[in-house]
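So the structure is just underneath, and the comments pick up after that.
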Amino acid sequence: MTQRRILVTAALPYANGPIHLGHLVEYIQTDIWVRFQKLRGNHCIFICADDTHGTAIMIRARQEGRSEESVIAESKIAHERDFAGFDVAFDNFGSTNSPENEKLCGEMWQSIRAAGLVKEKDIEQLFDVQEGTFLADRFVRGTCPNAACGAKNQPGDNCSKCGSTYTPAELIDPISTLSGTTPEIRKAKHLFIELEQLHDFLDEWTKSDDHLQSEVLNYLKGHFLGDANSPEGRKTLRDWDISRPAPYFGFEIPDSPGNYWYVWFDAPIGYMASTVQWCERNGEQFDDWWRSDDTEIHHFIGKDITYFHTLFWPGMLKSAGFSLPKKVHIHGFLTVNGEKMSKSTGTFVKAETYLKHLDPSFLRYYYASKLGSRLDDIDMNLDEFAAKIDSDLVGKVVNLASRCAKFAVASGLSAEYPDDGGLFAQGAAAGDEIAAAYENCDYNRAMRLILELADRANPYIENAAPWTLKNDPDKAQQLQDICTIGLNLFRQIIVYLAPVLPRISEQTGELLGRPIESWDEAKTPLVGIPVNKFKHMIKRVDRKDLDAMIDESKDEEVTAPPTSQYNDSAEPLQTEPLAEQCTIDDFVKVDLRIARVLTADDVPEANKLLKLTLGLGGDETRTVFAGIKEAYKPDDLIGRLVVCCANLAPRKMKFGVSEGMILASGPGKADVFMLRVDEGGKPGQRVH
RNA sequence: GGGCCGGUAGCUCAGUUGGUUAGAGCAGGGGACUCAUAAUCCCUUGGUCGCGGGUUCGAGUCCUGCCCGGCCUACCA
3 MTQRRILVTA
13 ALPYANGPIH
23 LGHLVEYIQT
33 DIWVRFQKLR
43 GNHCIFICAD
53 DTHGTAIMIR
63 ARQEGRSEES
73 VIAESKIAHE
83 RDFAGFDVAF
93 DNFGSTNSPE
103 NEKLCGEMWQ
113 SIRAAGLVKE
123 KDIEQLFDVQ
133 EGTFLADRFV
143 RGTCPNAACG
153 AKNQPGDNCS
163 KCGSTYTPAE
173 LIDPISTLSG
183 TTPEIRKAKH
193 LFIELEQLHD
203 FLDEWTKSDD
213 HLQSEVLNYL
223 KGHFLGDANS
233 PEGRKTLRDW
243 DISRPAPYFG
253 FEIPDSPGNY
263 WYVWFDAPIG
273 YMASTVQWCE
283 RNGEQFDDWW
293 RSDDTEIHHF
303 IGKDITYFHT
313 LFWPGMLKSA
323 GFSLPKKVHI
333 HGFLTVNGEK
343 MSKSTGTFVK
353 AETYLKHLDP
363 SFLRYYYASK
373 LGSRLDDIDM
383 NLDEFAAKID
393 SDLVGKVVNL
403 ASRCAKFAVA
413 SGLSAEYPDD
423 GGLFAQGAAA
433 GDEIAAAYEN
443 CDYNRAMRLI
453 LELADRANPY
463 IENAAPWTLK
473 NDPDKAQQLQ
483 DICTIGLNLF
493 RQIIVYLAPV
503 LPRISEQTGE
513 LLGRPIESWD
523 EAKTPLVGIP
533 VNKFKHMIKR
543 VDRKDLDAMI
553 DESKDEEVTA
563 PPTSQYNDSA
573 EPLQTEPLAE
583 QCTIDDFVKV
593 DLRIARVLTA
603 DDVPEANKLL
613 KLTLGLGGDE
623 TRTVFAGIKE
633 AYKPDDLIGR
643 LVVCCANLAP
653 RKMKFGVSEG
663 MILASGPGKA
673 DVFMLRVDEG
683 GKPGQRVH
C-alpha cells in the first residue's frame, strides 16, 4: 500500500464560547478519521485553530474591560483543555490571530487582487458614535421600514414580524444595542470579491470527483449556482463583502488602510497558518501540504458553514494557486432526546461539564455508532447512550478480555496460534470492509461490523469454558489455547476500534505488552508472550452520573443572572432586548381592547395562520389573521376572551384583510402564548 | 410554496444491479451458565416494509400521487 499524504481540518471553533457536545460531534468525527488514517500508515496531520476575529470578540472584550488578546488567550486554553479531555488530538492547534495567518492572508489577498476579483463599493452603514464603531446588523434594532408593518424593536437585517428584508440604514428609529444611542448613517468603502467570475470553475469543481456529498451539490445548485440546463437557468453569485472598517478586531488590509479583513476571510486561511506552525516544528515544507497534487486536503465542517467552504474557499484557493480540497465532509447538528439542545432542559452540555461526570470514551463510541456519511442531524438519546455503552462496549467487547485474561496470566499466550475454527481469519478478512466504512465516514457501519466480531467471539469462549478447564491440570494446554484465542480476538477488535477508543487501545497494549500501532496488526495473532494482570478498562454508565450532568447543565443557566424565587430565565430578554423608552402619549396611540373570539377557522393554505372573527361587543367585529395555527386549535378558541389591538391599520394579506392583532408572546410556531383576561373583563373594554 | 433527506419489529437501524419464506442489535418472554463489570450463552415472541395507484413473471427496492417527520429556503404573521 502506498502511503497517502493527508491534511485534515476541523472547523475552527469561535473563541467566544465554550466547547459543547454539539461541537464535539465534529471534533470526534474528525479525530476518529485522522486516527484511522494514521493507524493505516498514512502520513496524516490534523490541523485546527481558534477563530479569534470579528465584532463579537471585540464587543465582549470591551464589555469586560480588557483586551481582545486576553479574551482569546483564555478561550484557547479552555478549548485545548476540553479537546484533550476528549482525546481529540490535533497535530497543531493554532490561532487565526497569529503572524503566520496575517502573512498568508496578505499573500492570498495579493493573488486575489492580481486575479482581478476585488472591487470597491461604497455602502451605507450605521455608525455608533459613542462606541466609535460601525454596527453589524445584529447590533442594531429599530422599527421595521415596511409601512404596513412598522413593528418595533426589530433586528437590523430583517423584520421578525413581516419578514421583509432591508439594510440597517433603512430601519426607522434605529438604536445601537451596544450603547443604546441612536446611530448615524455613514458611508464607508468596502471591498468585495466578485465570486461570479469563478462561476465556471465552481460549477465544475463542485460536481466533480466526489468533492462533495450529493445532497450538498444539490443544495448549492438550487440556491447559489443554478444550472444552465434547468428551466430556472444559471444564477449569479453575489459579491462577497470581505472588508470591515475600523475599529474591528482582525488584520488591517495592507493596501486599504483603515479596513480590516472580515473574519470569514481570515478564518479558513487559519487552516494554512496552523499548518505553517506544524511544519516549522516538524521540519516539513508548507508547499508539500498546500501546493502539491500529492496531498489530499479534507475539511470536516457542519452544514451551517457549507457556503463558505464549498464556494468561497475553493474560489480563494483556486485564485491563489493553492491545492483544492479533495473532499469537504459535512455533518448535521446534534439534538438531544430528539430536541434542540437547550439550556432550560439541561441538554446544552458543555464539554467541561460532561467530563466531570462521564468517561469521554462513552461519547466517542456513541457518536461513532450514530454517525454516517450524510448530513442528517444526529440525535443523542440518553437512554440509548447508556444502553449502547453497557451492552456493546462493556458487555460484549471488554468482557472478552475480562473473562479470559485472568486464566492466562500464569501461562502467557501459547507458543503457536491454535485452531479457532477460522474465527481470527474471519476477523482479519473483515478488515477491508471495516476500513472502507471508516474511510467513507460510515462509522455506524464500521461499529456494526466490528460488533459482529464480538458476537462471534463470546459464544466461542462460552463453549470452550476455560473456567471449567482450569480445574483440570491435564487440560492446562487447552486452557492456554482458549485464552490465547479469546485475547487475540479481543485484540483484533480493539485494533479496529482504536480510532474510536484510543484509551482502551492503549490499555490493551499494556495488557499484552505490545502497543497497538497499525491496522495490519489485526491480521496477525500474538503468540508466546506474557499476559499482564487485567485492569478495568471502562465502567458501566451510571444513570446517576448522566442525571447529574444534566442537572448541572441546568443549574448554570439559572444561577448566572441574579435569580428570584421563580428562577425565571434571562433568555427571553436577551433574545429580544427592551425597546426604546416611550411616553404615555405613545402608549395611548395603541388601542387595546378585550375581544371575544366569535369564529375561528383554519386557513388550509397557510402554514401559520388562523382566521378569527373578534367581537368587541354589540355588532362591532374585526377579522384578524393570527399566526397561531401551530399553537392553538380553532375549536379551543371559540368563545374565549383575548386582548387585541383594535386600531391597527388593516393589512392586506394573501388570504384576506387582517384588521387587527391578537396579543401573544413567545418565539412563534408552537410556542405562542395568548394573553388571558381575568374574570369580569368584557368585550369592548379598553386595556389601559 | 420550492429543494433535499427520511418513514422497514416496541426502540436504533441493515436490506447490494428488482429475485426464494424481509434481517441484525437492543428491549420483551423462556431456559442455561456462573470465568467475567447483575456481564455471557441458547431458544423465542414480534413486521399491512407510511398509504393508494402503476410497471413487471416477480416490488421494501423502479415510476406516480398523497400522508407524516426532519433539515434548508422562501412567503406570510
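Read in the working numbering, the first sequence has 350 at position 348, and its numbers run on one by one without any break. Don't be surprised by glycine CBs; every beta carbon is placed ideally from N, CA and C.
(message) Under 8 Å, with one C-beta from each stretch per pair, do the stretch 45-57 and the stretch 10-21 reach the 3-pair mark?
(response) yes
(message) Assuming the contact rule is C-beta atoms closer than 8 Å, His55 and Asp268 should be a hit. Round their C-beta distance to whole Å, please.
(response) To locate residue 55, count along the first sequence from 1; it is residue 53. To locate residue 268, count along the first sequence from 1; it is residue 266. Correct: roughly 6 Å between the Cβ atoms.
(message) I need the straight-line Cα distance from Leu594 to Ala138, nearest angstrom please.
(response) On the first sequence, residue 594 is found 592 positions in, with the first residue counted as 1. On the first sequence, residue 138 is found 136 positions in, with the first residue counted as 1. C-alpha separation (whole angstroms): 35 Å.
(message) Are the CB atoms of Ala407 and Phe536 within a distance shorter than 9 Å?
(response) Along the first sequence, one-based indexing puts residue 536 at 534. Along the first sequence, one-based indexing puts residue 407 at 405. Against a cut-off of 9 Å, the Cβ pair of Ala407 and Phe536 comes out as a contact.
(request) Identify whether Arg516 lies in helix, strand or coil by the three-state DSSP scheme. (result) Numbered from 1 along the first sequence, position 514 holds the residue referred to as residue 516. Reduced to three states, the DSSP call for Arg516 is coil.
(request) Could you tell me the distance, in whole angstroms, from the CA atom of Asp378 to the CA atom of Leu239? (result) Stepping through the first sequence from its first residue, residue 378 is reached at position 376. Stepping through the first sequence from its first residue, residue 239 is reached at position 237. Straight-line Cα distance between these residues: approximately 27 Å.
(request) Quick one: give me the first and last residue of the beta strand (DSSP E) that Val265 is part of. (result) Position 263 of the first sequence, counted from the first residue, corresponds to residue 265. No beta strand (DSSP E) holds Val265; the alpha helix (DSSP H) holding it covers Val265 to Asn284.
(message) Less than 9 Å between the C-beta atoms of Leu614 and Ile664, yes or no?
(response) Mapped onto the first sequence, residue 614 falls at position 612. Mapped onto the first sequence, residue 664 falls at position 662. In contact: Leu614 and Ile664 (Cβ atoms closer than 9 Å).
(request) Go through the stretch 10-59 residue by residue and report every complete run of the beta strand (DSSP E) that reaches 3 residues or more, in order. (result) 45-52
(message) Check whether the stretch 15-31 and the stretch 214-222 touch, using three or more Cβ-Cβ pairs below 8 Å as the test.
(response) no
(message) Can you look up Ala562 in the DSSP assignment and give me helix, strand or coil?
(response) Counting from one through the first sequence, the residue named residue 562 turns up at place 560. With a pLDDT of only 42 at Ala562, under the threshold of 50, the placement of this residue in the model should not be trusted; the figure read from the coordinates follows. Ala562: coil per DSSP, three-state reduction.
(message) Can you check which of these residues, Leu425, Phe226 and Ser393, is closest to Arg542 by C-alpha distance?
(response) Reading the first sequence from its first residue, position 540 is the one you call residue 542. Closest option to Arg542, Cα to Cα, is Ser393.
(request) Tell me, please, whether the stretch 187-205 touches the stretch 309-326 by the rule of three or more beta-carbon pairs shorter than 8 Å. (result) yes
(request) Could you name the residues that DSSP lists as bridge partners for Thr98? (result) Against the first sequence, residue 98 aligns to sequence position 96. Bridge partners of Thr98: none, in fact.
(message) DSSP three-state label for Phe335, please.
(response) For this step, residue 335 is matched to residue 333 along the first sequence. Here Phe335 sits in coil by DSSP.
(request) Within its chain, find whatever has a CB closer than 6 Å to the CB of Ala466; leave out the 5 residues flanking it on each side and keep chain order. (result) Looking up residue 466 in the first sequence gives position 464. So the qualifying residues of the chain are Ile484.
(request) Drop a sphere of 10 angstroms on the beta-carbon of Ile2, count the other beta-carbons inside from all chains shown, and report buried for 16 or more, exposed for fewer. (result) Nothing can be reported for residue 2, as the shown portion of the chain is limited to 3 through 690.
(message) Using the three-state DSSP reduction, which class does Ile79 fall into: helix, strand or coil?
(response) Position 77 of the first sequence, counted from the start, is the residue given in the question as residue 79. Of the three classes helix, strand and coil, the one that applies to Ile79 here is helix, per DSSP.
(message) Once DSSP output is grouped into helix, strand and coil, what is the label at Glu622?
(response) Mapped onto the first sequence, residue 622 falls at position 620. DSSP places Glu622 in coil when its eight states are reduced to three.
(request) Report the rounded CA-to-CA distance for Lys477 versus Ile463, giving the unit in angstroms. (result) Taking the first sequence and counting its residues from 1, one reaches residue 477 at position 475. Taking the first sequence and counting its residues from 1, one reaches residue 463 at position 461. Whole-angstrom Cα-Cα distance: 15 Å.
(request) Excluding the 5 residues preceding and the 5 following Ile380 in the sequence, name in chain order all residues of the same chain whose CB lies nearer than 7 Å to its CB. (result) As a working mapping, residue 380 is identified with position 378 in the first sequence. Taken in chain order, the residues that qualify are Val27, Gly334, Leu336, Lys372 and Leu373.
(request) For the stretch 340-353 and the stretch 285-302, state whether three or more C-beta atom pairs, one from each stretch, are separated by less than 8 Å. (result) no
(message) Given this structure, state the Cα-to-Cα distance separating Glu632 from Lys610, to the nearest angstrom.
(response) As a working note, residue 632 is residue 630 in the first sequence. As a working note, residue 610 is residue 608 in the first sequence. Whole-angstrom Cα-Cα distance: 6 Å.
(request) Please work out which residues of its chain come closer than 7 Å, Cβ to Cβ, to Gln741, disregarding the five sequence neighbours upstream and downstream, and give them in chain order. (result) There is simply no residue 741 to check, as the chain begins at 3 and stops at 690 in what is shown.
(message) From the DSSP secondary-structure annotation, give me the bridge partner or partners of Leu616.
(response) Your numbering for residue 616 matches position 614 in the first sequence. In the DSSP output, where bridge partners are listed per residue, Leu616 has Val599 and Arg624.
(request) Decide if Val400 is buried, meaning its Cβ has at least 16 other Cβ atoms within 10 Å, or exposed. (result) Reading the first sequence from its first residue, position 398 is the one you call residue 400. With 16 or more Cβ atoms within 10 Å of its Cβ, Val400 is classed as buried.
(request) Would you decide whether His690 is buried or exposed? Buried here means 16 or more other CB atoms lie within 10 Å of its CB. (result) As a first step, residue 690 must be located in the first sequence, where it is residue number 688. That one is exposed.
(message) Considering only their Cβ atoms, is the gap separating Ala439 from Leu451 smaller than 9 Å?
(response) For the purposes of this step, residue 451 is taken as the residue at position 449 of the first sequence. For the purposes of this step, residue 439 is taken as the residue at position 437 of the first sequence. Yes, these two residues count as a Cβ contact at 9 Å.
(request) Find out if the Cβ-Cβ distance for the pair Trp263, Trp111 is shorter than 9 Å. (result) To locate residue 263, count along the first sequence from 1; it is residue 261. To locate residue 111, count along the first sequence from 1; it is residue 109. Against a cut-off of 9 Å, the Cβ pair of Trp111 and Trp263 comes out as a contact.
(message) Residues in the same chain with beta-carbon distance under 6 Å from Val46, minus the five sequence neighbours each way, listed in chain order, please.
(response) The sequence position of residue 46 within the first sequence is 44, counting from 1. Contrary to the premise, residue 46 reads as Cys rather than Val in this sequence. Answer for Cys46: Ile8, Val36, Gln39 and Lys40, listed in chain order.
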